[in-house]
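As numbered in numbering that gives the first Met the number 0, residues 0 to 220 make up the sequence shown, in order.
Even glycine gets a Cβ: it sits at the ideal position worked out from N, Cα and C.
For clarity, every value in this text was computed on a predicted model and none was experimentally measured.
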Amino acid sequence: MTDEDQGVEEEQAHLEAGRLLFAQEAHFILAAVKADQVPESALPEVAFAGRSNVGKSSLVNALTGRRTLARSSGTPGRTQQLIFFNLGQRLMLVDLPGYGYAKAPKQDVERWTRLTRSYLKGRPQLRRVLLLVDSRHGLKDVDRRIMRELDEAAVSYQVVLTKCDKIKQPALDRVQETVAKELVSHGAAHPEVLATSSEKGEGIERLRASLAALASPEPLP
Ligand SMILES: Nc1nc2c(ncn2[C@@H]2O[C@H](COP(=O)(O)OP(=O)(O)O)[C@@H](O)[C@H]2O)c(=O)[nH]1
Ligand SMILES: [Mg+2]
């Protein structure tokens, strides 16, 4: 087998692992509005963060293949709760409150509740935060503030570009490159920037595969 064949085989196995994981049904566990409501769990966890309206709920729905699992809404900035979904007893998905919706910039991150911060800093099973960024806008200062917080708390995170169906390929390539360059100086950032469209399904299989690598190999009791 050539190196190239082996690479193709590995990539296929990787994608297959993602398909298998997300073929499991995702179950809503609970929505926490207080720190003591966060569920006790031994499952590895992945959290979805990003500005309000960036497409967090849509991405959770696209990944799990359920249109209405995480409610995606036209009225952003309202949900100040952490929503937990159990995926086949192998991975917990957590939809975090959006930030950056307040009109006054000073309140941008303050809106991101103490609840979210205490969750991020005190959750040992949290394997990665997916930091969603609108592909049309790139990184904003509110995102950078969250990135610095995650760097300081040594919480591993990965930037995922959303709504890539809304821009042309050259512009998408540029934003992907610009973001990747900026990530180099962030200690806790994963170097790979994924581009996704929940609407068109682009990048969803690859994201499933990369999440499968973080999941428990077997369902946990
Ligand atoms: N065109 C397009 N629109 C999207 C995509 N993802 C989300 N949206 C839209 O963006 C808006 C906000 O999405 P939502 O998932 O509620 O964002 P959240 O506030 O981050 O949870 C909704 O109107 C979605 O339909 C996408 O991949 N492509
Ligand atoms: Mg939402």
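The beta strand (DSSP E) enclosing residue i, as first and last residue numbers
i	result
A46	44-49
Bridge partner(s) assigned by DSSP for residue i
i	result
Y234	Since the first residue shown for the chain is 0 and the last is 220, residue 234 is missing from the structure and cannot be characterised.
I82	A30, D94
D133	T161
Endpoints, alpha helix (DSSP H) assigned at residue i
i	result
I145	140-151
T1	Segment: none, T1 is in no alpha helix (DSSP H) and carries neither H nor E.
K180	168-182
Backbone secondary structure at residue i - three-state DSSP
i	result
A194	strand
T115	helix
A103	Residue confidence for A103 is low, a pLDDT of 47 falling below 50, so the modelled location carries little weight and cannot support an answer.
G73	Residue placement at G73 is poorly supported in this model, since its pLDDT is 45, which falls under 50; the coordinates still yield a value, given next. If DSSP states are grouped into helix, strand and coil, G73 belongs with coil.
A16	helix
A212	coil
A41	coil
Ligand 2 heavy atom lying under 7 Å from the CB of residue i
i	result
G49	no
H197	Note that residue 197 corresponds to Ser in the displayed sequence, not to His. False, no ligand heavy atom lies under 7 Å from that Cβ.
D94	yes
K162	no
S209	no
G99	no
S155	no
Heavy atom of ligand 1 within 7 Å of residue i beta-carbon
i	result
G87	no
Inter-stretch contact (C-beta, 8 Å, three-pair minimum) for the region 206-216 and the region 84-94 | yes
Inter-stretch contact (C-beta, 8 Å, three-pair minimum) for the region 120-129 and the region 161-179 = no
Pairing CB atoms from the region 11-26 with CB atoms from the region 165-175, are three or more of them under 8 Å?
-> no
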